[in-house]
Amino acid sequence: MRKIYLTLILLLAFVFGAEAQQAKSVILVYLDGGPAQTDTFDPKPEAGRNYYGSYKGTAKTNVEGIEIGEKLPLLATMADKYSLIRTMTHGSNAHETGHYAMITGDTSGGAVVYPSFGAVISYKLKDTYKGILPCYISVTSANSRFNEGGFLGNEYKSFDTGGRPEGKEFEVEGVVNKFVNRERMEKRMALLGDFEKGDMDKKLIDSLRDVNMQFIWGESRELFNLANESDSVKSRYGKTRLGQSCLVARKLVEAGVPFVNVRMTGWDTHKKHFQKMGSMLTVLDKALSALISDLDERGLLDSTIILCGGEFGRTPKVEWEAPWNGGRAHYGKTFSYLVAGGGFHGGKVVGKTNKTGEQVEERPVAPCDLIGSIYLLMGIDPYGTLPHVSEGDLPILPSLLDKKRSYGLLYEIMDVKK
151 MRKIYLTLIL
161 LLAFVFGAEA
171 QQAKSVILVY
181 LDGGPAQTDT
191 FDPKPEAGRN
201 YYGSYKGTAK
211 TNVEGIEIGE
221 KLPLLATMAD
231 KYSLIRTMTH
241 GSNAHETGHY
251 AMITGDTSGG
261 AVVYPSFGAV
271 ISYKLKDTYK
281 GILPCYISVT
291 SANSRFNEGG
301 FLGNEYKSFD
311 TGGRPEGKEF
321 EVEGVVNKFV
331 NRERMEKRMA
341 LLGDFEKGDM
351 DKKLIDSLRD
361 VNMQFIWGES
371 RELFNLANES
381 DSVKSRYGKT
391 RLGQSCLVAR
401 KLVEAGVPFV
411 NVRMTGWDTH
421 KKHFQKMGSM
431 LTVLDKALSA
441 LISDLDERGL
451 LDSTIILCGG
461 EFGRTPKVEW
471 EAPWNGGRAH
481 YGKTFSYLVA
491 GGGFHGGKVV
501 GKTNKTGEQV
511 EERPVAPCDL
521 IGSIYLLMGI
531 DPYGTLPHVS
541 EGDLPILPSL
551 LDKKRSYGLL
561 YEIMDVKK
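Last residue of the sequence shown: 568 in this note's numbering, with the numbers rising by one and none dropped.
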């Protein structure tokens, strides 16, 4: 019944011109390893040193009543552009299952391996997306094996760029190679053509090769060329792996790529947590704030969803004892995500944790609730189905149909009415 009701809402919205679809692209800034929510988007300065550790202070944002971690001053100046989900939950403290939950939205525990939501978006847009670049791109690598196509197949998995966007030249796997220039490539193609004379399938081969050559040497190549960006723009994002990856992501969605995954590693901070956070949070603050403001200035924020978070959070209570000596462990009971653009409201907080940040007090949000909301904003029915080669049509988000695993889509911060 819920599926029929939502389908009717979507249909009426399209027919009568309502903005059922806000978003055209998604940028997922994935903090691989699990960022500490208490040091980022849900600080607990009153909980005592055993919880706030080295970061007792907070940053007051430009939205009254919202405070974030003290190491995120740039993001604090633009809280009206994003909303915070402080009660994400799936209960898993293991990296693999946490990744799977946050990348697929599936917490059903079934035997079927679901595709990532980037792969689902890629599949759903296969008949409308006309770009030469892949529909789903990871800069510089996928978060885990769950960024693959799952039962949809590898055709829909992410294209991993590899390379170092912060380097002198961003070498992209299969596209940009500093040892192969245009002249050398054309000589190779001419030699290959001589070998293929008389081939019965030459017309088909040539058509496929033309597409590949456009991919490698056409305008799409320039999207990975950060040399054509001013030094001030590159500095604004930060000349770090994350900063320059976010700049590439902006260029890709500007060119129409529907899903870009940006991965930052190093968040699995069991030991020396606060020493590491000192630099990592500064890098994140600069890169993410630049991405949000740059998209906004270019008129792209309204059509681009930005997400930032990891597979889970970290224990609010600091582990001072050896061998951790001031670390935080895995924590899937409650953690935070930032969402912006594409139909998500800014300046809002979803959910509330208790005074120590260890328990959900108000409005839990499951992975399927977040991903289902993204599907809705992308014009995809979150209660729809996907084809399985042997099982037939399966629910696109099985957990969304289970009241024990879903707490409802994020209508309170979306431009879509319930």
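A virtual CB, placed ideally from N, CA and C, is assigned to each residue, including glycine. Predicted, not measured: the structure shown is a model, and the values here were computed from it.
Distance between residue 530 and residue 279, taken at the CA atoms: about 14 Å. No residue range can be given for residue 282, since it is assigned to no beta strand (DSSP E) and is classified by DSSP as neither H nor E.
If you look at residue 272, you'll find it in the alpha helix (DSSP H) that goes 267–274. Taking a contact as a CB-CB distance under 8 Å, the pair residue 182 and residue 413 counts as one, their CB atoms being some 6 Å apart. Using a Cβ-Cβ distance cut-off of 8 Å, the region 207–223 and the region 180–195 are in contact, since at least three pairs of beta carbons, one from each stretch, lie closer than that value. Counting only runs of 4 or more residues that sit fully inside the region 384–411, the alpha helix (DSSP H) segments are 391–404, in chain order.
A straight line joining the alpha-carbon of residue 285 with that of residue 200 spans about 45 Å. For residue 378, the number of other beta carbons within 10 angstroms of its own is below 16, and it is reported as exposed. Following the DSSP letters along the chain, one finds residue 209 inside the beta strand (DSSP E) bounded by residues 208–210. Under a 10 Å Cβ-count criterion, residue 300 is classified as buried, with 16 or more other Cβ atoms of the shown protein chains found around its own Cβ.
DSSP places residue 424 in no beta strand (DSSP E) but in the uninterrupted alpha helix (DSSP H) bounded by 423–447. Across the set 234, 422, 287, 515, the C-alpha of 515 shows the shortest separation from the C-alpha of residue 255. Per DSSP, residue 241 lies in no alpha helix (DSSP H) segment and is marked neither H nor E. By the criterion of a C-beta distance shorter than 8 Å, residue 269 is surrounded in its chain by 286, 297, 298, 299, 300, 302, 306, 307, 308, once the five residues flanking it on both sides are discounted.
A residue is called buried when at least 16 other Cβ atoms come within 10 angstroms of its Cβ; residue 253 meets this threshold and is buried. For residue 218, the uninterrupted beta strand (DSSP E) run begins and ends at 217–219, by DSSP. Judged by pairs of C-beta atoms under 8 Å, the region 531–538 does not touch the region 492–510, as fewer than three such pairs exist. In the displayed model, residue 380 falls within coil according to three-state DSSP, outside both helix and strand.
Residue pairing by DSSP places residue 309 opposite 287 in a beta bridge. Here residue 461 is buried. Its C-beta has 16 or more other C-beta atoms within 10 Å.
When DSSP reads this structure, residue 318 sits in no beta bridge, so it has no partner. Annotated as distal: residue 251 and residue 528, with beta-carbon spacing of 7 Å or more.
Per DSSP, the beta-bridge partners of residue 458 are 179, 488.
The residues 311, 313, 374, in chain order, have a CB closer than 6 Å to that of residue 322 in the same chain once the five nearest residues on each side in sequence are set aside. DSSP places residue 223 in the uninterrupted alpha helix (DSSP H) bounded by 223–226. The Cβ atoms of residue 522 and residue 550 sit closer than 7 Å to each other.
Comparing alpha carbon positions, the residue from 441, 459, 458 closest to residue 451 is 441.
Assigned with DSSP and collapsed to three states, residue 323 falls in coil, not helix or strand.
In the same chain as residue 433, and ignoring 5 residues on each side of it, the C-beta atoms closer than 8 Å to its own belong to 388, 390, 392, 393, 414, in chain order. A direct Cα-to-Cα measurement between residue 232 and residue 395 gives close to 20 Å. With a beta-carbon spacing of about 7 Å, residue 384 and residue 397 fall inside the 8 Å limit used to define contacts. C-alpha of residue 544 to C-alpha of residue 273: approximately 14 Å in a straight line.
Distance from residue 517 to residue 257 at the Cβ level is roughly 6 Å; contact confirmed, criterion being Cβ atoms closer than 8 Å. The Cβ-Cβ distance between residue 474 and residue 422 does not fall below 7 Å. Non-local beta-carbon contacts of residue 558 in its own chain, meaning distances under 7 Å to residues more than five positions away in sequence, involve 519 in chain order. Going by beta carbons, residue 221 and residue 431 fall inside the 7 Å limit.
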